[in-house]
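Taking it in order: structure first as structure tokens, then the write-up.
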Amino acid sequence: MRFIVHFEFCPEHTDKVLADWAKNTEINKNNPNNTPKSVYPPQFTGNGTGFFIVEVTNPEQWARGYLSGYPHVKWNPVACYDLDNWIESYHKSKE
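Position in the sequence shown counted from 1, then plus 1227, gives you my numbering.
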């Protein structure tokens, strides 16, 4: 399943967040299936805010990918559904 992941952190923690990002990127290089797969790269949208899109194949990827490795970041994942599949499901539900 795909998710748009909005993130937010206090600008005062930028150095800590960037250090966590570098550390976790290095850790996950050798274990790409441990974390959600990036579908759209991180985009910065303001002072300590942004978003990216990932694909998750295993719920444990959340814990290994974000929850444990970024204590200074607030994550807000929003599930995304393929529109064609959603339309098909919608029509079937009306039958």
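The beta-carbon is built from N, C-alpha and C at its ideal position, and this holds for glycine as well. Quick caveat: nothing in here was measured; it's all calculated off a predicted structure.
Closest residue to residue i among the options (Cα-Cα distance)
i: residue 1297; options: 1283, 1236, 1305 and 1313; result: 1236
i: residue 1294; options: 1228, 1317, 1263 and 1258; result: 1263
i: residue 1238; options: 1257, 1306 and 1273; result: 1273
Per-residue DSSP class, three states only, for residue i
i: residue 1295; result: coil
i: residue 1322; result: coil
C-beta atoms of residue i and residue j nearer than 7 Å
i: residue 1230; j: residue 1304; result: yes
i: residue 1300; j: residue 1281; result: no
i: residue 1271; j: residue 1232; result: no
i: residue 1275; j: residue 1269; result: no
i: residue 1291; j: residue 1261; result: yes
beta-carbon residue i near the ligand SAM non-hydrogen atom, thresh 6 Å
i: residue 1314; result: Among the components of this structure there are no ligands whatsoever, and the ligand SAM is therefore not found.
Fill in: At least 3 beta-carbon pairs within less than 8 Å: the stretch 1280-1287 vs the stretch 1238-1245
no
message = For a minimum of 3 consecutive residues, which ranges assigned as the beta strand (DSSP E) are wholly contained in the stretch 1256-1301?
response = 1264-1273 and 1276-1282
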